[in-house]
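Have a look at the structure below, then the notes.
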Amino acid sequence: MNVAKLRLGLLFLLASLSVIAQEDAVLEEAEDVAVSLTDQLNSLQQIEAQIDYQTGEVEVASVARLKVPPGFRFVQDNQAEFILKEIWENLNSSSDGMLFSKGASLFGKEGYTINLKYKSSGFVSDEDANKIDYEQLLEEMKQQNERANEARKKRGMFPVKLVDWADAPFYDAKNKRLHWAKEVVYNMGDGPESALNYAIRFLGRKGVLEMNFVGELGQLEQIKKDLPRVLNSLEFNEGWSYEDFDPALDKTADVGVAGLITGKKRDSSVPIGAKDSTQAEEETEASENEASDSFANQINGMWPWFIAFGLLLFVLMFFFGKRNAKKNQSS
5 MNVAKLRLGL LFLLASLSVI AQEDAVLEEA EDVAVSLTDQ LNSLQQIEAQ IDYQTGEVEV
65 ASVARLKVPP GFRFVQDNQA EFILKEIWEN LNSSSDGMLF SKGASLFGKE GYTINLKYKS
125 SGFVSDEDAN KIDYEQLLEE MKQQNERANE ARKKRGMFPV KLVDWADAPF YDAKNKRLHW
185 AKEVVYNMGD GPESALNYAI RFLGRKGVLE MNFVGELGQL EQIKKDLPRV LNSLEFNEGW
245 SYEDFDPALD KTADVGVAGL ITGKKRDSSV PIGAKDSTQA EEETEASENE ASDSFANQIN
305 GMWPWFIAFG LLLFVLMFFF GKRNAKKNQS S
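Numbering (my numbering), first residue to last: 5 to 335.
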């Protein structure tokens, strides 16, 4: 959190105002605003202090265990959802726990976070995983993205454009993990901004464990560097791994490996580019989640400067308003 920098800026601002202000009332008002802002910052620090960061071995959704990698911190599901929904205002997201990389915090811009979520969607067969044409898949996803943006436009939301694979997607058949990373660009009216959506899916006996990295495009190399120790830290509990699947007892998912990326159901009779309204809604919601995650991660590190600018603007308006009022009285 950039609280120290912000407080230093406030002190500088007050010192500057003490030079230019001719009336004590103006300076006193500025000091009151600064005290109020400092109280708010202290409140945010208290929220950060109440987060129960954990290390060591932790349980994830009662189906897997995670040995928190050195330098990382883990937050349990209830607090992770509080962070996503109440602090980052990503209302569509859910979580079974989050990992914070070195330097990452709730309100800072350093580091990145990893959201973990288990979905009991059934056993996903990987029999056709080696037949996936990822370039064709990308084109299909771009079509989905265009339809999602049309829906976003109707809702008054900013567009999110899928640009390309940020890194080559692949399926790790040995460990039953699917990797893909997308480069997306969003534009909220002040110019395009690039973001990273890096996703890994752990295939299990009765569902899929999602691992979603939330960070900036420039953090891709650091994420890839950290990836081996992050992946090796997570494994399914006994009886929940891919090899434990029993066709006589367990249900099979209605998506294949490719469907984990696109959301398209296996043997769907609906052709590419002509999905029904329900699927289009699901695609739009997924696009909103990705955009919200990426935007929240980038905007969180900027909020102290928005507050500082607002404070400066308020104080200057107050000062010059007082000054003009006194001129009018004297005339």
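Glycine included, each C-beta is placed from N, C-alpha and C at the ideal position.
Problem - Helix, strand or coil at P232 according to DSSP, with G and I counted as helix - result: helix
Exercise for the section: For the stretch 131–147 and the stretch 231–251, state whether three or more C-beta atom pairs, one from each stretch, are separated by less than 8 Å. Expected result: no
Practice task
Below 8 Å CB to CB, which residues in the same chain sit around V72 once its five sequence neighbours on both sides are set aside?
Solution key: Q58, T59, G60, E61, V62, F78, L103 and S237
Practice task
Sort A262, D258 and T266 by Cα distance to F127 and report the nearest one.
Solution key: D258
Handout entry: Which of helix, strand or coil DSSP assigns to D250
Key = coil
Practice task
Look at the alpha carbon of N191 and the alpha carbon of V164, and state the distance between them as a whole number of angstroms.
Solution key: 7 Å
Handout entry: Whole-angstrom distance between G263 and V397, CA atom to CA atom
Key = Outside the displayed span of the chain (5 to 335) sits residue 397, for which this structure offers no information.
Exercise for the section: Would you check if the distance between the CB atom of G101 and the CB atom of G107 is smaller than 8 Å? Expected result: no
Practice task
Run through the stretch 55–102 for me and flag every whole alpha helix (DSSP H) of 4 or more residues, listed as ranges in chain order.
Solution key: 81–86
Practice task
Determine the direct distance from the alpha carbon of E187 to that of E3, and round the result to whole angstroms.
Solution key: There is simply no residue 3 to check, as the chain begins at 5 and stops at 335 in what is shown.
Handout entry: Straight-line gap, D254 to G208 (C-alpha atoms, nearest Å)
Key = 11 Å
Problem - 8 Å contact criterion, which L221 and A170 should meet: CB distance rounded - result: 7 Å
Problem - K178 versus K157: straight-line alpha-carbon distance, rounded - result: 42 Å
Practice task
With a threshold of 16 other CB atoms inside 10 Å of the CB of F206, please say whether the residue is buried or exposed.
Solution key: buried
Practice task
Enumerate in chain order the residues of its own chain whose CB-to-CB distance from A65 is below 6 Å, with the five nearest sequence positions on each side excluded.
Solution key: D100 and Y122
Problem - 8 Å Cβ cutoff met for A185 and L224 - result: yes
Exercise for the section: Using alpha carbons as the reference points, say which of T266, G195, G219 and S109 lies closest to E52. Expected result: S109
Handout entry: Residue range of the beta strand (DSSP E) that includes K180
Key = First-last for K180: undefined, no H or E at that position.
Handout entry: Same chain, Cβ closer than 8 Å to I303, five either side skipped, listed in chain order
Key = With a pLDDT of only 46 at I303, under 50, the local geometry of the prediction cannot be trusted, and the value read off the model is given with reservation. If we look at I303 and ignore the five residues flanking it on each side, it has no Cβ neighbours.
Exercise for the section: Just the C-alpha distance for S281 and F162, rounded to the nearest angstrom, thanks. Expected result: In this prediction, S281 has a pLDDT of 41, which is less than 50 and means its spatial position is unreliable; nothing more can be read from the coordinates.
Problem - Selection from N134, S125 and L120 that minimises the alpha carbon distance to G267 - result: S125
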